[in-house]
Structures are given as structure tokens and as C-alpha cells.
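See below for the structure under consideration.
Protein chains: 2
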Amino acid sequence: MANKVQVLYDFTAEVGNNELTVKEGETLTITNQSIGGGWIEAQNSRGEVGLVPEDYIEFGKAAPSFQAAGHPAPTPNVGVVNQDLSIFDSYAPAAAPAHNQASNGNDPWSVFNADPSGGSNNNWAANPEGTQTGKSPADPWGSISQGHPQAYQGPGAEFDEWDDEWDDKSTTGYAESESGDGAAMQRGGAHASSMKISLNKFPGFSKNGPELYLLCKQLAKSKERLPIYVGEVGPVWSYPETQFDCVVADPKKGSKLYGLKSYIEYQITPNTTNRPVNHRYKHFDWLYERLLDKFGSAIPIPSLPDKQVTGRFEEEFIKMRMERLQGWMTRMCRHPVVSCSDVFQIFLTYKDEKDWKMGKRKAEKDETVGVMIFSTIEPEAADLDPSEVEQKCEQFSRFTKAMDDGVKEILTVGNEHWKRCTGPLPKEYQRIGKAFQNLSSVFTSSGYQGESTLTDAMTAAGKTYEEIAQMVAEQPKKDLHFVMETNNEYKGLLGCFPDTIGVHKAAIEKVKEADKLVATSKITPQDKVTMAKRVSTMSYALQAEMNHFHSNRIYDYNRVMQLYLEEQVKFYETIAAKLRQAHGQFTTM
Amino acid sequence: MANKVQVLYDFTAEVGNNELTVKEGETLTITNQSIGGGWIEAQNSRGEVGLVPEDYIEFGKAAPSFQAAGHPAPTPNVGVVNQDLSIFDSYAPAAAPAHNQASNGNDPWSVFNADPSGGSNNNWAANPEGTQTGKSPADPWGSISQGHPQAYQGPGAEFDEWDDEWDDKSTTGYAESESGDGAAMQRGGAHASSMKISLNKFPGFSKNGPELYLLCKQLAKSKERLPIYVGEVGPVWSYPETQFDCVVADPKKGSKLYGLKSYIEYQITPNTTNRPVNHRYKHFDWLYERLLDKFGSAIPIPSLPDKQVTGRFEEEFIKMRMERLQGWMTRMCRHPVVSCSDVFQIFLTYKDEKDWKMGKRKAEKDETVGVMIFSTIEPEAADLDPSEVEQKCEQFSRFTKAMDDGVKEILTVGNEHWKRCTGPLPKEYQRIGKAFQNLSSVFTSSGYQGESTLTDAMTAAGKTYEEIAQMVAEQPKKDLHFVMETNNEYKGLLGCFPDTIGVHKAAIEKVKEADKLVATSKITPQDKVTMAKRVSTMSYALQAEMNHFHSNRIYDYNRVMQLYLEEQVKFYETIAAKLRQAHGQFTTM
Chain A
1 MANKVQVLYD FTAEVGNNEL TVKEGETLTI TNQSIGGGWI EAQNSRGEVG
51 LVPEDYIEFG KAAPSFQAAG HPAPTPNVGV VNQDLSIFDS YAPAAAPAHN
101 QASNGNDPWS VFNADPSGGS NNNWAANPEG TQTGKSPADP WGSISQGHPQ
151 AYQGPGAEFD EWDDEWDDKS TTGYAESESG DGAAMQRGGA HASSMKISLN
201 KFPGFSKNGP ELYLLCKQLA KSKERLPIYV GEVGPVWSYP ETQFDCVVAD
251 PKKGSKLYGL KSYIEYQITP NTTNRPVNHR YKHFDWLYER LLDKFGSAIP
301 IPSLPDKQVT GRFEEEFIKM RMERLQGWMT RMCRHPVVSC SDVFQIFLTY
351 KDEKDWKMGK RKAEKDETVG VMIFSTIEPE AADLDPSEVE QKCEQFSRFT
401 KAMDDGVKEI LTVGNEHWKR CTGPLPKEYQ RIGKAFQNLS SVFTSSGYQG
451 ESTLTDAMTA AGKTYEEIAQ MVAEQPKKDL HFVMETNNEY KGLLGCFPDT
501 IGVHKAAIEK VKEADKLVAT SKITPQDKVT MAKRVSTMSY ALQAEMNHFH
551 SNRIYDYNRV MQLYLEEQVK FYETIAAKLR QAHGQFTTM
Chain B
1 MANKVQVLYD FTAEVGNNEL TVKEGETLTI TNQSIGGGWI EAQNSRGEVG
51 LVPEDYIEFG KAAPSFQAAG HPAPTPNVGV VNQDLSIFDS YAPAAAPAHN
101 QASNGNDPWS VFNADPSGGS NNNWAANPEG TQTGKSPADP WGSISQGHPQ
151 AYQGPGAEFD EWDDEWDDKS TTGYAESESG DGAAMQRGGA HASSMKISLN
201 KFPGFSKNGP ELYLLCKQLA KSKERLPIYV GEVGPVWSYP ETQFDCVVAD
251 PKKGSKLYGL KSYIEYQITP NTTNRPVNHR YKHFDWLYER LLDKFGSAIP
301 IPSLPDKQVT GRFEEEFIKM RMERLQGWMT RMCRHPVVSC SDVFQIFLTY
351 KDEKDWKMGK RKAEKDETVG VMIFSTIEPE AADLDPSEVE QKCEQFSRFT
401 KAMDDGVKEI LTVGNEHWKR CTGPLPKEYQ RIGKAFQNLS SVFTSSGYQG
451 ESTLTDAMTA AGKTYEEIAQ MVAEQPKKDL HFVMETNNEY KGLLGCFPDT
501 IGVHKAAIEK VKEADKLVAT SKITPQDKVT MAKRVSTMSY ALQAEMNHFH
551 SNRIYDYNRV MQLYLEEQVK FYETIAAKLR QAHGQFTTM
């Protein structure tokens with residue numbers, strides 16, 4: 001490789017991170033190629049030296065390969081910075097295609113796009129630089145194809161995770177769990193037909209689909225048991241006596257590569273041990289993948305908050321990510337099945353590095369994944385008739401679809417309101433305030449005696465409107481923000497239901513075909529009975545999950561509406577009080 | 001003239017007014033040409049019969065005459081209806097050219113455009129139909145060239161005034177007072193150069209300008225005396241012991257031409273007699289012309305509220321016009337000089353028709369008009385040095401210009417705020433309300449028991465936001481309206497100052513030239529002394545007027561700001577209370 005290289009895409013350096021801002025077409029001189037982690041050190045024509053993502057540099061023929069694949073030319077880094085700066089300024093419109101943001105990259109192309117080196121996420125060897133740690137440092141598409149800061153970009157898009165001392169053998173583990181990736185891609189369901197390469201990996205949508213469970217000979221290899229009881233509201237999971245909870249706090253900047261690169265580590269303190277553990281975003285992501293693999297067929301596992309490369313150390317962004325990780329963890333802690341699982345517990349309560357590594361390895365080897373989770377479920381109630389199962393399934397499908405629409409409407413309206421409250425509205429109040437003050441200062445110049453009471457009062461009124469302008473602009477962070485966060489969370493959660501329900505519908509179809517299968521001797525009459533029983537078990541699981549969902553939903557919406565209205569009341573009362581004070585300064589002649 | 005005629009411009013009939021809607025190019029059959037008042041009765045091809053303005057009909061060569069004058073082709077009736085309907089929906093932007101709306105039609109072309117027959121207002125014989133009462137029934141330009149419902153359109157634009165039983169000889173009187181028209185045109189000053197035809201009629205801007213007073217041999221032919229005292233704030237007019245006031249109320253529809261045409265009559269009750277008199281808009285206009293003629297050089301006489309043809313019987317418009325006539329009358333009543341004048345008193349207190357006619361005739365014959373008003377002014381203080389006079393004049397000029405800018409800023413900002421409050425903002429609150437209600441109704445469909453508390457509360461919260469939407473939309477009428485009205489009044493008033501100040505500046509210039517005039521024997525040294533003395537008298541008048549203006553201004557802005565803030569406080573408190581109630585419906589689980 002020549003010492004001189006050409007820049008393929010614009011790259012904006014992270015301040016204080018030893019990076020170098022480069023422009024497409026610029027020529028650089030490589031000064032250190034053995035940095036690792038997908039970075040090289042280079043010098044530009046002005047003599048400035050810094051780190052540049054190696055995938056942004058033309059090395060041989062690797063970079064142009066994706067162009068040959070027929071994708072549009074990339075325009076990296078567009079939008080990422082804006083998202084970053086505007087993280088509190090505006091919510092991106094929620095009117096995007098259905099399920100667009102619900103889950104991991106349902107852009108059917110994202111599996112190809114995620115790595116500009118042209119290799120798939122699962123085939124790291126395709127990376128032309130070919131190192132084991134060679135994940136690409138930035139995703140030139142991610143920000144464009146997703147367009148929403150909360151959109152989860154899938155593991156291939158997380159690029160600050162080049163270190164491996166924590167991962168030990170998890171590279172292999174990751175490769176084994178590639179099905180999770182495909183599942184994530186599939187989640188929206190809208191582009192299923194274009195996702196065939198990954199579909200086979202996900203039990204719910206493959207020839208190894210629900211039949212795997214419906215027809216398997218031997219159930220419950222593991223000692224896991226997930227009982228379902230019948231409560232007041234119908235089938236319910238078994239809830240632990242003490243509800244788990246945890247606090248995600250204290251984000252700390254760590255550094256790698258002899259201080260050349262940095263990352264953020266969060267402290268997670270579970271209420272059970274009250275002993276904090278540290279995790280980086282990549283560990284949350286690992287947990288998400290495990291939970292999706294294991295429970296995804298029965299329980300909607302919401303995506304993690306989005307990943308972001310540029311500006312990821314910006315204070316506001318870190319705060320926002322932490323808040324969302326907290327929201328995600330709280331939701332997982334509240335789930336009786338998820339929170340009691342070994343993988344979740346090891347994440348929250350590992351004692352030391354060895355403990356964590358062992359736990360990880362064990363979790364990655366877990367075979368009770370996909371539809372096989374149903375084999376651990378033990379309803380205490382009588383089997384349901386398949387028609388009843390179908391009817392329940394249809395009802396849940398209708399409800400979740402309707403709620404998805406309702407939630408999106410709130411997000412759309414809320415986004416517009418956010419924009420108005422942070423944009424034109426405060427500007428207008430400010431102009432009203434200025435206009436009053438300007439007229440007041442004209443009055444002061446009249447030379448007429450005895451009008452200081454009026455001019456003082458008018459100036460005060462003008463200042464009050466300027467204060468109102470600021471209040472209006474800041475208010476969304478205090479109230480609308482939580483409405484948006486809650487609804488965004490629910491949008492993500494609801495986006496998981498089509499898959500979960502899909503697994504059930506596929507199972508129902510299988511049971512409907514049972515007679516034909518018996519007639520053609522593909523299954524035995526006993527198999528048919530077993531299938532009906534097992535689809536009933538699946539239905540109990542779905543009902544328990546729906547009841548869990550409903551009870552959480554009622555709690556969450558009660559809480560967020562209360563918070564919203566409380567803050568709104570305070571807001572309007574404060575404005576009224578300020579105006580009352582301004583009013584008091586005027587005197588009738 | 002043929003029985004068949006062609007329609008020149010679209011005309012939209014006033015409902016209930018026996019009019020006929022016609023389209024440009026349509027052929028009509030005249031059924032009665034002797035209706036008078038600028039109207040004919042005609043039948044269209046569908047057999048419908050009704051009144052049509054004769055100027056909208058092609059009679060011989062009269063109608064096209066204005067086209068030959070090089071004006072763009074008229075597009076009548078555009079905008080008039082909109083103005084009418086939106087009278088409470090939005091204030092037209094105030095960012096138009098300086099002084100655009102301050103006074104009577106400062107479009108330099110309006111004197112030509114006002115009468116589509118091509119004749120000037122003062123030359124009624126130019127009307128092709130040539131009757132004495134033949135004022136044109138509608139102004140196809142008025143609404144276009146002015147573009148603001150509050151713009152005063154000048155006497156030529158008032159077309160419902162064809163009746164003459166009240167006017168007796170006032171047609172002649174009107175013709176005599178045509179200078180008032182020219183003065184009004186001039187008011188803005190921006191297009192003075194294009195207004196030469198009228199300029200000579202107005203003392204302040206003609207060769208008969210301030211010299212007429214500065215150099216006249218014999219002062220005070222009339223018995224009028226306008227003393228000026230020196231009060232705490234400086235020179236002040238003599239204020240009457242009891243301040244005049246009046247109530248404009250009870251607009252009643254009268255009818256003319258055997259019930260074919262209608263007009264509105266207002267009842268004006270002065271606090272002095274407590275005996276109501278009736279006046280139509282045209283009488284207010286007559287009063288305005290007289291006051292402008294008599295006092296315009298010394299006292300800014302604000303224009304009347306705009307005239308409007310289409311929709312003039314619409315309830316909202318009548319209410320608005322009455323409110324503005326009230327505002328205008330109140331301002332005139334408050335003025336110590338105007339309110340005590342004979343012409344104002346006869347308007348307010350005439351006993352019967354004979355009394356009124358005599359009063360009118362007398363007022364029209366008044367010779368103490370224009371700059372000669374200064375001959376009646378008697379300051380009780382020592383003469384001012386011309387340099388002091390000039391300095392005062394400059395100060396007033398600066399102040400009124402600055403206040404004009406400040407007032408226009410408020411109008412611009414207020415107009416935008418009005419539009420937002422009646423347009424997008426309530427729509428947004430409505431959508432927020434709908435979104436909450438929609439989600440609530442989805443929740444109701446969940447089939448999960450025990451969520452009616454939440455859904456009821458969410459529905460109530462949604463309805464609250466719909467109520468807020470309505471409150472937001474209606475609020476401007478309750479508060480911003482008065483800020484706009486007051487500032488519009490002041491804009492009109494301030495638009496008169498350039499003329500008033502102009503008269504003073506012209507007088508100051510004359511005094512400066514005095515030495516040269518003495519040297520060339522154009523005036524005597526004694527004349528020079530007289531001039532200096534008289535310009536001092538003018539300055540006292542201007543100072544008294546400015547002090548009157550300041551004291552009114554302080555009162556008006558105190559009052560309107562108090563009212564505005566009071567209503568704003570109520571508004572925000574009501575919203576807070578409504579939201580508090582909505583908040584109370586939620587319960588924490």
C-alpha cells in the first residue's frame with residue numbers, strides 16, 4: 001500500500017478525540033497504519049496529524065466494492081451531526097413508513113449497507129483490512145437510511161466497539177448468534193420478501209418455524225419453567241415477589257488504545273444487590289441480542305436506543321442515551337420472565353470479570369431459544385380450542401395495530417408541537433416583548449414629564465413576554481419530552497408485536513393444516529393432538545404477555561399524562577403569575 | 001342607448017338588497033334605467049332581474065375611458081368580500097409602505113381611480129349618466145389599491161351616499177371643500193410629487209401656505225379665540241371644565257329609493273345634552289372634512305375608519321365600524337379645541353333638520369380654515385426665539401417618526417400573532433386533543449378490564465385541549481384586538497403629523513428667509529418682526545398639541561396595556577384551571 005492515500009468520504013473529527021477532519025478527494029499521508037480498531041493515523045496537506053477511519057480511505061479496490069453492488073453512492077456523515085445537536089430541539093417526524101423505527105433497521109438494504117467495506121456483519125473477513133477487530137468506525141448510511149435518532153441501527157452499525165479484551169470469545173459468540181441480527185432486520189415485517197438471506201435464521205419465519213416446537217419430540221431439555229396462572233384479568237405470568245429495578249447512572253468516559261480512543265461506561269445498580277456493575281453500550285447490545293434470541297417469539301423485546309457515532313461524547317447525547325437505557329432496563333426489569341432469566345441476572349449482578357465471561361459464554365450456548373421458549377411454558381389452565389386461540393390472536397393483532405396508529409399520531413402531533421414551541425412561537429413572544437420595550441423607549445424620549453410609570457411598566461411587560469418566550473421554548477423538555485419518550489418506547493414495543501403475533505399465526509396455520517398432514521401421513525394423529533395442545537400453550541403465553549403489556553400500558557400512560565398535565569398546569573400558572581405582576585405595574589391615570 | 005348592454009366587470013350582489021350578480025362579458029337587458037343613484041335595473045339571460053351599478057355596464061364610450069388613461073385593467077370586487085369576512089380573523093400586515101394606511105388614500109392614483117366613470121370626485125358632471133346624484137355605486141379599485149380594511153378610502157369611494165334629501169346644498173359644499181380631499185391624499189407625503197393637482201388646494205403645501213398667516217395684515221376676523229396657557233408640562237390648550245364624551249350606538253338599517261337601497265344610521269348621544277342625534281357614515285365624513293379644513297394645520301385630525309361597499313350590512317362589519325366611529329368620536333370629544341368648535345357641536349347637538357342644515361351651511365362657509373386657524377390662537381406666554389421654535393419642531397418630528405415606527409412594529413408583530421392564534425396554533429391544540437382522545441378510544445377497545453379510569457381521564461384531557469384550542473382562537477378578539485385598535489388609531493394619528501409639522505417647518509423656513517425678503521424689499525422690517533411673532537404663536541400651538549397628544553397617549557397606552565394583560569392573565573389562568581381539572585382525573589395505580 002502506498003504511503004499516500006485518497007479520502008473516499010467526508011469525515012468530521014470528534015473534538016478532543018485525536019481525530020482528523022477530512023474531505024472526500026483529499027490526499028493523506030499515512031503516518032501509522034498499526035493503530036488498530038479500524039483507525040489509521042494520517043497527515044493532511046497542512047501537516048495536521050490525526051486518526052481517520054480506515055474505511056474512509058481508498059485502500060486498493062475494497063472501498064468501491066459496494067458501488068458494484070448497485071447501491072447509490074454514499075454520502076457519509078450527512079445528518080448525523082444535526083441529529084446530535086438537535087437531540088433536544090425536535091423529534092423527527094413519526095410519519096415515516098410503518099414500523100420504520102420500531103426496531104433494528106427494517107430498511108431491507110441495511111444489512112448490505114451497514115458496513116461500507118462491502119462485507120456483511122457476520123462475515124468480518126470480508127473487511128478488506130481483515131483484522132479481527134476491524135469493525136468499521138463509522139456508518140456512512142446509518143444516519144441517512146434511518147433518519148431518526150432513536151432508530152436502532154443493528155449491531156453492524158456500532159463502531160466504537162473495536163476493543164476485544166472484554167469480548168474474549170464473544171466474536172465467535174456473536175457469529176453464532178447472527179440469527180438475532182436477521183431477526184432484528186425482520187422485525188418490522190414490511191420488507192420480509194427482501195430479507196430472505198436472513199429469514200432462515202429466525203425460527204418464526206423459516207421452515208424451522210413454529211413446527212420446530214409444535215412437533216418436537218422432546219420438550220424442556222432445560223430446567224427452566226415458565227408457569228402461567230389465571231388471574232383476575234386472565235392468564236398471567238408468574239411475577240416475582242419483589243419487582244426488580246435498577247438505576248442506570250454515572251456515565252464515565254474510559255479510554256482505549258493508550259488513550260487514543262474513548263468510550264462511555266455506565267454504572268448499573270440493581271435494587272436486589274445494590275452493588276453497581278459497569279457496562280458499555282455494546283454490552284447492553286449483547287444483552288438485547290440474547291433476550292431477542294431467547295424470548296423474541298413469545299415476548300416483544302424492544303430495541304435499544306439508537307447508536308450514534310459522531311458527537312457520542314456530547315453531554316446532551318450521553319444524558320439522552322442514559323435516560324433511554326434506563327427506560328429500556330426498567331422495562332426489562334418489570335418483565336417477570338425477562339428479569340428472572342439467567343442472562344439478565346448475570347448482566348446485572350456479575351461479581352467479577354471471570355463471572356461475567358462465564359455468564360456470557362453460558363448465555364451464548366443457551367439452546368432454549370426461538371420458538372423453543374414455548375417448551376418451558378406451563379399454563380395451569382385447561383387447553384384452549386384452536387378457534388379460541390385464533391380469535392385471541394386476531395384481537396391482539398387488531399389492538400396492537402390500532403395502538404400503533406394512535407401512538408404514531410401522538411408522535412406526529414407532538415413533534416409538530418415541539419417544533420412550534422421551540423421555533424416560531426418563542427420567537428413571536430420575543431418580538432412582542434421587544435415591540436413593547438421599543439415603544440417604551442420611544443416614549444421615554446418624549447421629553448414629556450411624568451411618564452416613567454408607564455414606560456417602566458411597558459418595559460417590564462416587554463421583558464415578561466421575553467421571559468415567556470424562553471419558558472415556551474424550554475417547556476417541551478419538561479413535559480412533552482416525556483410524552484414523546486413514552487410513546488417512542490411504545491412505538492418500539494408495538495413494532496415488535498407483528499413478529500411475535502406472526503409466530504402465533506404461523507402456528508395456528510400449521511394446526512389448521514394438521515388434518516391434511518395426518519391424511520398424507522406426514523404426521524401422526526397423536527402429533528395433531530400435541531400440536532393443538534402446544535398452540536394452546538402458545539396462546540396462554542401470548543395472553544399472559546398481552547395482560548402484562550396492558551397493565552404496564554395503563555401504568556405508563558397514567559404516569560406520563562399526569563406528569564405532562566402537572567407540568568402544563570405549572571407552566572400556565574407561572575405565565576399567569578408573571579403577567580399579573582406585569583399588569584400590577586400599570587396605573588390608571 | 002340599446003336595450004342590450006354588456007357587463008364590464010364582475011359584480012357580486014349584496015344579499016337582500018335587490019342586486020343582481022353579473023359576470024364580465026355577460027349581456028343584460030335594461031329593464032329600468034331611471035332608478036338613479038348610479039344604479040340600473042337589468043335582466044340577465046336566465047330571466048333574473050335586479051340592480052346593477054351602471055358603471056359596471058358598457059354605456060357608449062364612457063366606461064373604457066379610464067383604460068385610455070393608462071391604468072391597468074380593473075379587476076373589481078376582488079378582495080372586498082375577503083376583507084369583509086376576515087374582519088375579525090386577521091389584521092392586514094402593517095409592513096406596507098410608510099403611512100400607507102395612516103390616512104385618506106395615499107395611493108397617488110386613487111384620485112383617478114376612485115370613480116370608474118373616469119371623472120374626478122369633484123366633477124360629478126363627468127359621470128356619463130350625468131345625474132346630480134350619480135355617484136358611482138362601487139369602487140372596483142378601492143379594495144385592491146388599498147388592501148387594508150382600515151384604510152380610509154376618501155370621500156370618492158363612499159358609494160352608498162346617493163341620496164340628497166339630507167344633503168340639500170351640500171353638494172355645492174362638498175365641491176367647495178375639495179381641498180380637504182387633496183389634503184387627505186397628501187397626508188402620507190410619500191408620493192407628493194404625483195399629487196400636484198391637489199396640492200395647491202391645501203394651504204400647508206401651496207404657494208398660499210404659511211405665508212398667508214405669517215404675513216396677513218388683519219388677523220382674527222372671526223370672534224374665535226383659542227388661548228394657550230403654560231401649565232406644568234408647558235404650553236397647553238384651554239380645557240373645558242367638563243370633558244365632552246358621546247356614545248355611538250344602535251346602528252339601524254334605513255332604506256332609500258322606495259326600499260330598493262339601504263343604509264346604516266348610528267345614534268350618537270353626547271354627555272352634555274344626553275339627547276341622541278342620528279348620523280349616517282357620510283355625515284361623519286362631512287364632519288371629518290370640516291375639521292380637517294379648519295384645524296388640520298395645527299391639530300392632527302385622524303381619518304375616519306374605512307368605508308366598505310360589499311358586505312357593509314354584515315353584522316360583524318357594522319359592529320366594527322361602530323366601534324371605530326366611537327373611537328374616533330371619543331378622540332375628537334377629548335380634544336379641547338375640536339370638541340368646543342361650532343361644527344363639532346352642531347354635529348352632536350342639532351335640534352332638528354333645519355338646525356342641522358343651517359349649521360352645515362355655516363360650517364361650510366367658515367373662512368377661518370387652513371393656516372388661518374393660527375390667527376385665533378393667543379398664547380399667554382412670551383414670544384419664542386425662532387431657533388427655539390425650530391428645535392421644538394425637530395424634536396416633535398423625531399418623536400412622532402420614532403413612535404410611528406414603534407407603533408408599526410407592534411402592528412406587524414400583533415398581526416402575525418393574531419394569525420398564529422387564529423390559525424395554526426388552535427389547529428395544533430385540536431390535533432393534540434384528538435390524538436389523546438383517539439388513543440383513549442383505542443385503549444377502550446383493549447378488552448382489558450379496569451382501565452376506564454384511564455380512558456375517561458385521557459378523553460377528558462383530550463377534550464380539554466380541544467377547549468384550549470377554541471380559547472386560543474377566540475382570545476385575540478378579547479385582548480389583542482384592543483392593542484391593535486389603539487395602535488391603529490395612533491398609526492392614523494401619527495400619519496397626520498408630517499403634514500402638521502410640515503406647515504410649521506415651512507413657516508420656519510419663511511422666517512429664515514425674512515432677512516433676504518427685507519433686503520429685496522419684498523417685506524418690510526416690521527413684517528419680519530410680525531413673522532417671528534407669528535411663528536412663535538404657531539410653535540405654542542404645536543407644543544400645546546404635542547402635550548395634548550402625550551397626555552392622551554399615556555392614558556391610552558396605560559389603559560390598553562392594562563386591559564391586554566388583564567385578559568392575558570385570565571386566559572392563562574383559565575387554561576391552567578382546565579388542565580388542573582383534567583389532571584385530577586388521573587390516578588396513580
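For the protein sequence lines, the chains are A and B, in the order given.
No gaps in the numbering here: position 178 of the first sequence is 178 in full-length UniProt numbering, and each next residue is one more.
No gaps in the numbering here: position 314 of the second sequence is 314 in full-length UniProt numbering, and each next residue is one more.
All residues carry an ideal CB built from backbone N, CA and C; glycine is no exception.
Cutoff 8 Å: residue 541 of chain B Cβ touching any chain A Cβ: Position 541 of the second sequence, counted from the start, is the residue given in the question as residue 541 of chain B. Cβ-Cβ to chain A under 8 Å: no for residue 541 of chain B.
Secondary structure of residue 507 of chain B, DSSP reduced to three states: For the purposes of this step, residue 507 of chain B is taken as residue 507 along the second sequence, with counting starting at 1. Under the three-state reduction of DSSP output, residue 507 of chain B falls in the helix class.
Entirely enclosed beta strand (DSSP E) segments - the stretch 242-283 of chain A, minimum 3 residues: Along the length of the stretch 242-283 of chain A, whole beta strand (DSSP E) runs at least 3 residues long occupy 246-256, 261-270 and 277-280, reported in chain order.
Closer than 7 Å at the beta carbon, the chain A residues around residue 594 of chain B: No answer is possible for residue 594 of chain B: the residues shown for chain B start at 1 and end at 589.
Below-8 Å beta-carbon distance, residue 566 of chain A vs any chain B residue: What you label residue 566 of chain A is simply residue 566 of the first sequence in a count that begins at 1. Look at residue 566 of chain A: its C-beta is under 8 Å from a C-beta on chain B.
Reduced DSSP category for residue 492 of chain A - H, G, I as helix; E, B as strand; rest coil: The residue labelled residue 492 of chain A in the question sits at position 492 within the first sequence. Here DSSP, grouped into helix, strand and coil, assigns residue 492 of chain A to helix.
Cutoff 8 Å: residue 467 of chain A Cβ touching any chain B Cβ: As a working note, residue 467 of chain A is residue 467 in the first sequence. No - not a single Cβ of chain B is within 8 Å of the one on residue 467 of chain A.
Which of helix, strand or coil DSSP assigns to residue 547 of chain A: As a working note, residue 547 of chain A is residue 547 in the first sequence. Residue state, collapsed to three classes: helix.
8 Å Cβ cutoff, residue 233 of chain A in contact with chain B: Within the first sequence, numbered from 1, the residue matching residue 233 of chain A stands at position 233. Interface residue, yes.
Residue 550 of chain B at chain A interface by Cβ criterion, 8 Å: Residue 550 of chain B sits at position 550 when you count from the first residue of the second sequence. So, interface residue.
Any chain B beta carbon closer than 8 Å to residue 493 of chain A: To locate residue 493 of chain A, count along the first sequence from 1; it is residue 493. Residue 493 of chain A does not count as touching chain B.
With 16 other Cβ atoms within 10 Å as the buried cut-off, status of residue 329 of chain B: Within the second sequence, the letter at position 329 stands for residue 329 of chain B. Buried, since its Cβ has 16 or more Cβ neighbours within 10 Å.
is_contact[residue 372 of chain B, chain A] using C-beta, thresh 8 Å: Residue 372 of chain B sits at position 372 when you count from the first residue of the second sequence. Cβ-Cβ to chain A under 8 Å: no for residue 372 of chain B.
Assigned exposure category for residue 520 of chain A - 16 Cβ within 10 Å defines buried: The residue you call residue 520 of chain A lines up with position 520 of the first sequence. Exposed.
Alpha-carbon to alpha-carbon, residue 477 of chain B and residue 413 of chain B: On the second sequence, residue 413 of chain B is found 413 positions in, with the first residue counted as 1. On the second sequence, residue 477 of chain B is found 477 positions in, with the first residue counted as 1. Cα to Cα, the separation comes out at about 16 Å.
Between the CA atoms of residue 317 of chain B and residue 20 of chain B - distance to the nearest angstrom: Position 20 of the second sequence, counting from 1, holds the residue named residue 20 of chain B. Position 317 of the second sequence, counting from 1, holds the residue named residue 317 of chain B. In a straight line, the C-alpha of residue 20 of chain B is about 22 Å away from that of residue 317 of chain B.
Counterpart residues of residue 229 of chain A in DSSP-defined beta bridges: For the purposes of this step, residue 229 of chain A is identified with residue 229 of the first sequence, where counting begins at 1. DSSP output for residue 229 of chain A lists A:236 as bridge partner(s).
Contact set between residue 445 of chain B and chain A, taken where Cβ atoms lie within less than 7 Å: Here residue 445 of chain B corresponds to residue number 445 of the second sequence, with the count starting at 1. Within chain A, the residues near residue 445 of chain B are 399 and 402.
Proximal residues of chain B, C-beta to C-beta of residue 451 of chain A below 8 Å: Taking the first residue of the first sequence as 1, we reach residue 451 of chain A at position 451. Going along chain B in sequence order, the residues near residue 451 of chain A (Cβ under 8 Å) are 550 and 554.
Distance, residue 325 of chain B Cα to residue 541 of chain B Cα: Counted from its first residue, the second sequence places residue 541 of chain B at position 541. Counted from its first residue, the second sequence places residue 325 of chain B at position 325. For residue 541 of chain B and residue 325 of chain B, the distance between alpha carbons rounds to 26 Å.
CA nearest to the CA of residue 504 of chain B, picked from B:397, B:463, B:334 and B:223: For this step, residue 504 of chain B is matched to residue 504 along the second sequence. Nearest C-alpha to residue 504 of chain B: B:397.
Option nearest residue 379 of chain A by Cα separation, candidates A:235, A:50 and A:341: Here residue 379 of chain A is taken as the residue at index 379 of the first sequence, counted from 1. Answer by Cα proximity: A:235.
Boundaries (first-last residue) of the alpha helix (DSSP H) holding residue 323 of chain A: Counting from 1 along the first sequence, the entry for residue 323 of chain A is found at position 323. Where residue 323 of chain A is concerned, the enclosing alpha helix (DSSP H) stretches over 315-334.
Between the CA atoms of residue 38 of chain B and residue 135 of chain B - distance to the nearest angstrom: Walking along the second sequence from the start, residue 135 of chain B turns up at place 135. Walking along the second sequence from the start, residue 38 of chain B turns up at place 38. At residue 135 of chain B, the pLDDT of 34 sits below 50, so the modelled position is not reliable; the number obtained from the coordinates is stated separately. Put simply, the backbone Cα of residue 135 of chain B is about 6 Å away from that of residue 38 of chain B.
Residue 306 of chain B burial status per 10 Å Cβ neighbour count (16 or more: buried): The sequence position of residue 306 of chain B within the second sequence is 306, counting from 1. Residue 306 of chain B comes out buried.
Where the stretch 419-438 of chain A meets chain B: residues whose CB sits under 9 Å from a CB there: Legend: CB atoms of the stretch 419-438 of chain A lying less than 9 Å from CB atoms of chain B belong to residues 420, 424, 425, 428, 429, 431, 432, 434, 435, 436 and 438.
The stretch 414-422 of chain A in contact with the stretch 442-461 of chain A per 3-pair CB rule at 8 Å: no
Residue range of the alpha helix (DSSP H) that includes residue 468 of chain B: Residue mapping note: residue 468 of chain B aligns to position 468 of the second sequence, counting from 1. It spans 452-478 - the alpha helix (DSSP H) in which residue 468 of chain B sits, taken as one unbroken run.
Contacts around residue 129 of chain B, its chain only, beta-carbon distance under 6 Å, and the 5 residues preceding and following it disregarded: Counting from 1 along the second sequence, the entry for residue 129 of chain B is found at position 129. Because residue 129 of chain B carries a pLDDT of 36, less than 50, the predicted location of this residue cannot be relied on, and no value is offered for it.
Local conformation of residue 6 of chain A per DSSP, three classes: Residue 6 of chain A sits at position 6 when you count from the first residue of the first sequence. In this structure, residue 6 of chain A counts as strand in the three-state DSSP scheme.
Residue closest to residue 285 of chain A, alpha-carbon to alpha-carbon, out of A:342, A:301, A:354 and A:273: For the purposes of this step, residue 285 of chain A is taken as the residue at position 285 of the first sequence. Residue A:301 is the option with its Cα nearest to residue 285 of chain A.
Chain A residues whose Cβ lies nearer than 8 Å to that of residue 569 of chain B: One-based indexing of the second sequence puts residue 569 of chain B at position 569. Ordered by position in chain A, the residues that pass the 8 Å Cβ test against residue 569 of chain B are 576, 579, 580 and 583.
Cβ-Cβ distance between residue 245 of chain A and residue 271 of chain A below 8 Å: As a first step, residue 245 of chain A must be located in the first sequence, where it is residue number 245. As a first step, residue 271 of chain A must be located in the first sequence, where it is residue number 271. Cβ atoms of residue 245 of chain A and residue 271 of chain A: closer than 8 Å.
Contact set for residue 511 of chain B: own chain, Cβ-Cβ below 7 Å, skip 5 residues either direction: Here the question's residue 511 of chain B lines up with position 511 in the second sequence. The answer, listed in chain order, is 386, 531, 532 and 535.
Euclidean distance between Cα positions of residue 33 of chain A and residue 255 of chain A: In the first sequence, counting from the first residue as 1, residue 33 of chain A sits at position 33. In the first sequence, counting from the first residue as 1, residue 255 of chain A sits at position 255. Approximately 20 Å, taken between the alpha carbons.
Same chain, Cβ closer than 6 Å to residue 466 of chain A, five either side skipped, listed in chain order: Taking the first sequence and counting its residues from 1, one reaches residue 466 of chain A at position 466. Result list for residue 466 of chain A: 430 and 433, in chain order.
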